[in-house]
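Novice: In the numbering used here, the protein residues as written are 285 to 813. Ideal Cβ placement from N, Cα and C applies to all residues, glycine included. Here's a structure for you.
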């Protein structure tokens, strides 16, 4: 809460200065008057471009903080410690949406200022890639979804920086339904896990303690899969239509930005299906270690990076400990006999002991949530399936399916010439084929690493060829690379640590000194007299 408050106050301070700066230039707070007066000043060369650019950057700072863009993104993952319905609102329709809509509303102002659009798109593409890489190794389900939101917000800012405000707002709408569905679904999962683990956010939200939930929470699983496929960009779900527009437009803007955006689309599919597979796939009580007979290294060893990664990777982070002395496989699970007085239920990495008292009910397995929690999931699933149809940019025989452009035309009429972006079916499928292929590639890699059933590989030596690399320089280099990527992602790119060492500690010490000086010196002098 404190981090979110302080981080957003930084953005709000810049936003206030930017508002005052443009009021000093134009003398108006009204959007229409502001745009007209400022355009006339630009045409007549009556403003100082350096000062105008500074004011625009300060305005954009408010959106950077509100919409969790780099470098003021650090508050968003920590805000997930609150109730899950609040998290769903934050990521869908409230705080993060404010910054996106602010930039979209002020786009006629930004678009006439040199270099500011390039700056907006640069911040967006950095956030796109950073959010995706930080989501790769998260083990908290809500934190992983939070970094997913950060990356998708980066796509919206990138689209705004390219001048495609329609695509940005379209993605804002489709992402809202999909991410609200995912967060409420994670709440249902956490609620189900608490019946086994007990109330402990560090355990009930830990994907390493989940797995095999498909048969226990089938409705939650189905709705969560719909949201996951939507975020991955799989047609015909909502986010496919909006994300594909952004990816297609990126090639017309910058080749480098387009490559980063498309690679991140594959990473998005990978980490989203990683979350899905770690949560729902697997079988409780089944031991997959040494599943393939000739495999020298346990197939289910180590971390959330995959069920075939070596145990020695990242030993500094004990993700695979049963206790202080015993180390367990990622897939190693056992279910001890249930006695009358004590129930021992073992999940990934931890043994949970429930003491059964009189009139107290305990469960050995998670169970499905009640209708109060399932009904919103079903409603949001329907919207996730069909809300993308409002912005389909297709035109055939005089029938324009693009409803969204008609809705947006009265709001931003100064850019109405950009609304006519309809295309035919052939061009649309040609442009979307590659983005869908990238998404399926990410899903396939995630399934290869995290799917619990490996029967399809029994007749192949593919896994052994990937995992069993002989000791030598190549293996050492490979392990170092995996360690570096894991540490980068799990430690949030060290940005939080940098802020703590560079700013937080110094500010706290300064505040303590000022408090001491005020109480001991100022008050001492006053009270002495």
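(1) Hey, would you say residue 429 sits closer than 9 Å to residue 467, going by beta carbons?
(2) Within 8 Å, do at least three Cβ pairs link the stretch 661–679 to the stretch 459–473?
(3) Taking Cβ to Cβ, would you say residue 434 is nearer than 9 Å to residue 360?
(4) Give me, in chain order, the residues of the same chain whose beta-carbon lies closer than 6 Å to that of residue 512; leave out the 5 immediate sequence neighbours on both sides.
(5) Checking 9 Å against the spacing of the C-beta atoms, do residue 532 and residue 671 come in under that value?
(6) Pick helix, strand or coil for residue 490, following the three-state DSSP scheme.
(7) Determine, using beta carbons only, whether residue 351 and residue 384 come nearer to each other than 9 Å.
(8) From residue 500 to residue 652, what distance separates their C-alpha atoms?
(9) Can residue 677 be considered in contact with the ligand ZN, in the sense that its beta carbon sits closer than 8 Å to one or more heavy atoms?
(10) Nearest-angstrom Cα distance between residue 563 and residue 803?
(11) Count the C-beta pairs between the stretch 470–477 and the stretch 441–458 that are closer than 8 Å, then say yes if the count reaches three, no if not.
(12) As an exercise, report each continuous alpha helix (DSSP H) stretch of at least 4 residues that is fully enclosed by the stretch 755–790, in chain order.
(13) I need the DSSP call for residue 424, collapsed to helix, strand or coil.
(14) Using beta-carbon positions only, say whether residue 549 and residue 719 come within less than 9 Å of one another.
(15) Helix, strand or coil, according to DSSP, for residue 711 in the structure here?
(16) What's the C-alpha gap between residue 496 and residue 787?
(17) With a threshold of 16 other CB atoms inside 10 Å of the CB of residue 528, please say whether the residue is buried or exposed.
(18) Whose C-beta lies closer than 8 Å to the C-beta of residue 469 among residues of the same chain, with five residues either side of it excluded?
(19) With respect to the alpha helix (DSSP H) encompassing residue 286, which residues constitute its N-terminal and C-terminal limits?
(20) With DSSP as the reference, label residue 676 as helix, strand or coil.
(21) Pick helix, strand or coil for residue 369, following the three-state DSSP scheme.
(22) Report back the beta-carbon spacing between residue 417 and residue 772 to the nearest angstrom; my notes put them in contact at under 8 Å.
(23) Quick one: Cα of residue 370 to Cα of residue 363, how far?
(24) Taking a contact to mean a Cβ-Cβ separation below 9 Å, would you say residue 282 touches residue 514 in this structure?
(25) Could you have a look at residue 819 and say whether DSSP puts it in helix, strand or coil?
(26) According to the Cβ coordinates, are residue 537 and residue 451 closer than 9 Å?
Specialist: Reading it off the structure:
(1) yes
(2) yes
(3) yes
(4) 556 and 560
(5) no
(6) strand
(7) yes
(8) 6 Å
(9) Of ligands this structure carries none, so the ligand ZN is not represented either.
(10) 53 Å
(11) no
(12) 757–774 and 779–783
(13) strand
(14) yes
(15) helix
(16) 43 Å
(17) buried
(18) 504, 507, 508, 511 and 661
(19) 286–310
(20) coil
(21) helix
(22) 7 Å
(23) 9 Å
(24) Residue 282 falls outside the range modelled here, since the chain spans only 285 to 813, and no answer is possible.
(25) Summary: the structure shown does not reach residue 819, with the chain confined to residues 285 through 813, and so no result is reported for it.
(26) no
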